[in-house]
Amino acid sequence: MCGIHGWIGTFRRDPGLHHGCLAHRGPDEAGEFHDEQGGVRVAFGHRRLRIIDLSPEAAQPMATEAGLAIAYNGEVYNYRALREELEARGTKFRSASDTEVVLRGWEAWGRDVLGRLDGMFAFALWDRPAGELVLARDAVGIKPLYYAALPEGLVFASEIKALLATPGVDRTVDPDGLADYFTLGYTLGARTVYRGIRKLPPAHALAWRGGTVSVRRYWSPPAGEDRGRWPEQLERLEAALRGAVERQMVADVPVGAFLSGGVDSSLIAALMRRVGGGRVKTFCVGFEGLGLYDERPHARRVASLLGTEHAEEVIVPRPRDEIERIVAAFDEPFADSSAIPTYYLAEVTRREVTVALSGTGADDLLGGYRRYASHGLRRVLGRVPRGVRGALAGVAGLLPAGRRTRAEQAALFVRRALAASVADEATWYADLMTVLDGDVLRELAPSLALPERHPLAGRLAGDARGPAGRYLAADFTSYLPDDLLVKEDRMTMAHGLEGRVPFLDREVVELAWRLPDHVKVRGLQTKWLLKRLALRWLPRDIVLRPKHGFAVPVGEWFRGELRDLGRDVLLERAPGTLLSVPAVERLWEAHARREADLGPQLWALFVYRLWERRGTAVPAAGAGAR
């Protein structure tokens, strides 16, 4: 994996290359490329993490005799097949890297090469003969790419921090980006919390030529439904996933796997054991004495069954240093608290390997979240008179809140099922994904202009599939690329570790996209087809164990280890803060007195305040006006 930064335009003052602040993404070496043509200047900066072809010939940026140059971050897993195809056309290669395959592929096929790439990538390509710069990002959004349009040109980078270091980039707060964050816990789509900085969406390519910018989609999920029998679909899923794991184990450095003991990571480890032939290294972290928050016993058992070389570690959060470092890694507010164990897991893993495979993406493609199953009760509860359902919803509100125990998780499931029965589908889905709702936000941040519609409103509209399929599609275009993949990229890259995601292999994605709802969610069982596959190699109690995710006890931390830091940060009466301290204090006290479990909400506010204190953004003038 790598980090890139660069620019193109008619800049009178050199904006500089700031890839030095991306050294964590590529600790092995650095390189630069400069060119000028007709008054247009181009510069690429690159930080390299050596994975494929460790020789100097694979160094970046890389250029050809024909006037093409590339700065590339990622891995293309089918690069060997593409290389053979290019060599059959007479193409000569100087290295054994996948980077050169992308570059020579562009020479041969132009933009059509994007549709041929199976992998994760974000790159900048300078086509001197055409006078054009192209930025491209992989189909799912595994690798990040940000850009900022300036009067004199365009700047881009793997992470926002390199753009913030570039003169002229507008760092004014975007109220819509902040509204996304407070509502969802992340910024949605192309937005960031900075008005002048945008994300290049997954499956899109941006072209800059003569001062004009155009952004176009180059890939869309396949249309049509697989109407085959489920045993046949199971065989196709196994073949696709086995091939993905085999391709993603290719590297010239040590490869391992994250292992939580859940079905997704256990299946990846089982397939690695089978296709790799050797002993697999697996890694896990957990929280001592916190029951559902400690996955180590489950991972330990799976590791023993599979015969992996297993390493584990207890997480002891180091508040002042590590928590602030984790928050800062995202460059904008990001409220997914599972970034904390992911950070520590990457740290433990990097001690022994440079590449780690994970189970990320299985839930979003194959129906793994409880919300898909809780909606399945909608039709049953819909037969109960509405007044009775309303009364039941009121009673459900008295059930224990939180996620610490099985009882609390069951109560949450019941509340969500009842909510699904009394609300329309779009409202229910949007509410389910909400961290802080509009009424609470108006009290907490009275000067923040909130949009009239929920950020996810309309995500389900116009989709002819069943409820589970609509939720999966919405998650695939929002929660997966803007939360899960952002978290995995930043936390692995913080330690110079390459994270790979076999479930998001192009073949697996396209196969899963066409599977019907009933093989993904059947009754109250999620990931039904995937679990049938896992049962071929794993015991039933492991495969059918209730899902609890990579949960973090932030609610308990705010009453314990993080109490002092939380109070200092949240209740600081800082001049110019967006938040109403008295309103935040009311939430804090309610949580401290255990009147409610407000851990996720307080974490979102805590992260925002840590980011706000860093001073990387310029407050928007008249923040309350739209």
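Numbers 185 to 810, taken from our numbering, label the letters of the sequence shown in order. Even for Gly, the Cβ is constructed at its ideal location relative to N, Cα and C.
> If you run the structure through DSSP and keep just helix, strand and coil, what is R674?
Replying inline: The three-state secondary structure of R674, taken from DSSP, is helix.
> Exposed or buried, what is K465 when buried is set at 16 or more other beta-carbons lying within 10 Å of its beta-carbon?
Replying inline: By the neighbour-count rule (16 or more Cβ atoms within 10 Å), K465 is buried.
>> Could you compute how far the alpha carbon of D448 sits from the alpha carbon of V224?
In response: Approximately 48 Å between the Cα atoms of the pair.
> By DSSP, does S558 sit in helix, in strand, or in coil?
Replying inline: Helix, per DSSP.
>> According to DSSP, is K715 part of a helix, a strand, or is it coil?
In response: Residue state, collapsed to three classes: helix.
>> Applying the 10 Å Cβ sphere with the 16-neighbour rule, what's the burial state of P351?
In response: For P351, the number of other beta carbons within 10 angstroms of its own is below 16, and it is reported as exposed.
> What are the start and end residues of the beta strand (DSSP E) that includes Q221?
Replying inline: In this chain, the beta strand (DSSP E) harbouring Q221 covers 213 to 221.
>> Quick check on G361: does DSSP put it in helix, strand or coil?
In response: Judged by DSSP in its simplified three-state form, G361 adopts helix.
> Hey, how far is the Cα of L713 from the Cα of V429?
Replying inline: Roughly 18 Å separates the two Cα atoms.
> How would you write the range of the alpha helix (DSSP H) that D478 sits in, first residue to last?
Replying inline: Going by DSSP, D478 is part of no alpha helix (DSSP H) at all; its letter is neither H nor E.
> Of the residues L550, E497, L270, which one's Cα is nearest the Cα of V693?
Replying inline: Checking every option, the nearest Cα to that of V693 belongs to L550.
>> Considering just the uninterrupted stretch of the alpha helix (DSSP H) at H775, what are its terminal residues?
In response: From DSSP, the alpha helix (DSSP H) with H775 extends over 765 to 776.
> Going by C-alpha distance, which of G337, E496, G552, D505 is nearest A530?
Replying inline: Distances from the alpha-carbon of A530 to those of G337, E496, G552, D505 put E496 closest.
> When the Cα atoms are used, what is the spatial distance from L634 to D360?
Replying inline: For L634 and D360, the distance between alpha carbons rounds to 7 Å.
> From G215, Y365, A323, pick the residue whose C-alpha is nearest to that of L688; which is it?
Replying inline: The shortest Cα separation from L688 among G215, Y365, A323 belongs to A323.
>> Does V802 pass the burial test, meaning 16 or more other C-beta atoms within 10 Å, or should it be called exposed?
In response: Classification of V802: exposed, given that the 10 Å Cβ count is below 16.
> CB-CB under 8 Å to T376, same chain, minus the five flanking residues each way: which ones, in chain order?
Replying inline: If we look at T376 and ignore the five residues flanking it on each side, its Cβ neighbours are Y330, I344, D358, G361, R382, K383, E516.
> S239 to G229, Cα distance in whole Å?
Replying inline: Their backbone Cα atoms lie some 19 Å apart in a straight line.
> Considering only the beta carbon of each residue, do G289 and A332 sit closer than 8 Å?
Replying inline: Result no, Cβ atoms of G289 and A332 do not sit closer than 8 Å.
>> Are the CB atoms of L708 and F366 within a distance shorter than 8 Å?
In response: Here F366 is not near L708, since their CB atoms are 8 Å or more apart.
> How long is the line joining the alpha carbons of R411 and V500, rounded to whole angstroms?
Replying inline: So the alpha carbons of these two residues sit roughly 49 Å apart.
> Distance, Cα to Cα, V226 vs I192?
Replying inline: Whole-angstrom Cα-Cα distance: 4 Å.
> Where do the N-terminal and C-terminal ends of the beta strand (DSSP E) with T396 fall, by residue?
Replying inline: Per DSSP, T396 belongs to the beta strand (DSSP E) from 396 to 401.
>> Please report the straight-line C-alpha distance between E284 and W612, rounded to a whole angstrom.
In response: Near 47 Å, if we compare the C-alpha coordinates of W612 and E284.
>> So, with DSSP's three-state summary, where would you put I192?
In response: Looking at I192 - three-state DSSP - the assignment turns out to be strand.
>> Using DSSP's beta-bridge definition, name the partner residues of N262.
In response: According to the DSSP secondary-structure assignment, N262 is paired through a beta bridge with no residue.
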